[in-house]
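Here's the structure we're looking at; comments come further down.
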Amino acid sequence: TQLLEQSPQFLSIQEGENLTVYCNSSSVFSSLQWYRQEPGEGPVLLVTVVTGGEVKKLKRLTFQFGDARKDSSLHITAAQPGDTGLYLCAGGTSGSARQLTFGSGTQLTVLP
Amino acid sequence: GAVVSQHPSWVICKSGTSVKIECRSLDFQATTMFWYRQFPKQSLMLMATSNEGSKATYEQGVEKDKFLINHASLTLSTLTVTSAHPEDSSFYICSAPPGGLTYEQYFGPGTRLTVT
Chain A
1 TQLLEQSPQF LSIQEGENLT VYCNSSSVFS SLQWYRQEPG EGPVLLVTVV TGGEVKKLKR
61 LTFQFGDARK DSSLHITAAQ PGDTGLYLCA GGTSGSARQL TFGSGTQLTV LP
Chain B
113 GAVVSQHPSW VICKSGTSVK IECRSLDFQA TTMFWYRQFP KQSLMLMATS NEGSKATYEQ
173 GVEKDKFLIN HASLTLSTLT VTSAHPEDSS FYICSAPPGG LTYEQYFGPG TRLTVT
């Protein structure tokens, strides 16, 4: 069974601070996706990384896929209250099933 | 982008009754859809993979006779919670990959089920 562990599980910070969320596994994934979910809504895709060592930036968010494709990180610069939400990483494997393995989640709260 | 809808968005039912939740891909065809369950402040737990034209594949520990899945067309999958009990109360979310070479999946907005 493939498992993805996220850390920290909960994070509460002040507006303007930086933060990093980690997603680790002992398994290799073909792709790694990050989602953000707000209460009562479905997850919204933020980014997909597929190449080991890949770095993608989305405004104040920087995503990195580990060289061995077993881990990933999400770094947020100058966090804002609008960044508050549940952040989920999800690993995908190749093949027709396209099944995702979700991480345990990181609940981020950015205080004004 | 691809859109997935769910209906209803929330439902309250009495213990012992059955509830059907629909998941539709609005602008693409999906031969595969996924059903997840999520408890408050927790991650998504995959329940089953819905396959158009064939039986669903259930994850270990998920009762297939309790959570009936029907993927009747390339744009619709339904999840029926039979003989619902309070412990079935949860947030149910479906997703569908849009196909092609992408690894991405698009998620529905979820259905909040409360069993009284």
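Note that the protein sequences, when read in sequence, are chains A and B.
Just so we're aligned: the first sequence equals residues 1 to 112 in the working numbering.
Just so we're aligned: the second sequence equals residues 113 to 228 in the working numbering.
Note that the Cβ used here is the ideal one computed from N, Cα and C, for glycine as well.
In this text the structure is predicted, and so the values were computed from the model without any measurement.
Chain D contact for residue i (CB, 8 angstroms cutoff)
i	result
S27 (chain A)	Checking the listed chains, one finds no chain D in this structure; the protein chains it contains are A and B.
Beta-bridge partners of residue i, as assigned by DSSP
i	result
L138 (chain B)	In DSSP, L138 (chain B) forms no bridge with anything.
A90 (chain A)	A:Q33, A:F102
Y22 (chain A)	A:S7, A:S73
Of the listed residues the options, nearest to residue i (C-alpha basis)
i	options	result
S117 (chain B)	B:Q141, B:C125, B:S127, B:K126	B:Q141
G6 (chain A)	A:N18, A:N24, A:E17, A:G16	Just to set this straight, residue 6 (chain A) is Gln in the shown sequence, not Gly. The residue with the shortest Cα to Cα distance from Q6 (chain A) is A:N24.
T226 (chain B)	B:I124, B:V115, B:H119	B:I124
Y35 (chain A)	A:F29, A:L45, A:S27	A:L45
S130 (chain B)	B:H183, B:F179, B:G220, B:S207	B:F179
L11 (chain A)	A:R69, A:H75, A:K70	A:H75
Proximity test, residue i beta-carbon vs the ligand SAM heavy atom, cut-off 7 angstroms
i	result
V21 (chain A)	Among the components modelled here there is no ligand, and therefore nothing to report on the ligand SAM.
Beta-carbon separation (whole angstroms), residue i vs residue j, contact threshold 8 angstroms
i	j	result
T109 (chain A)	P8 (chain A)	Incorrect: roughly 12 angstroms between the Cβ atoms, too far for contact.
E162 (chain B)	T187 (chain B)	It is Ser, not Glu, that sits at residue 162 (chain B) in the sequence shown. That pair is no contact at about 12 angstroms.
S104 (chain A)	S30 (chain A)	That pair is no contact at about 20 angstroms.
G53 (chain A)	D71 (chain A)	That belief does not hold up - the Cβ atoms of G53 (chain A) and D71 (chain A) are roughly 11 angstroms apart, past 8 angstroms.
Residue i in three-state terms, based on DSSP
i	result
E5 (chain A)	strand
S117 (chain B)	strand
G40 (chain A)	coil
G82 (chain A)	helix
Y218 (chain B)	strand
- Task: Closer than 7 angstroms, Cβ to Cβ, to anything on chain B: give me those residues from the stretch 93-109 of chain A, in chain order.
- Result: A97, R98, Q99, L100, F102, G103, S104, G105, Q107
Point to revise | Proximal residues, the stretch 178-210 of chain B versus chain A, C-beta separation under 7 angstroms | key: I205, P209
Chain-ordered residues of the stretch 130-158 of chain B with a beta carbon less than 9 angstroms from chain A: T143, T144, F146, Y148, Q150, P152, K153, Q154, S155, L156, M157, L158
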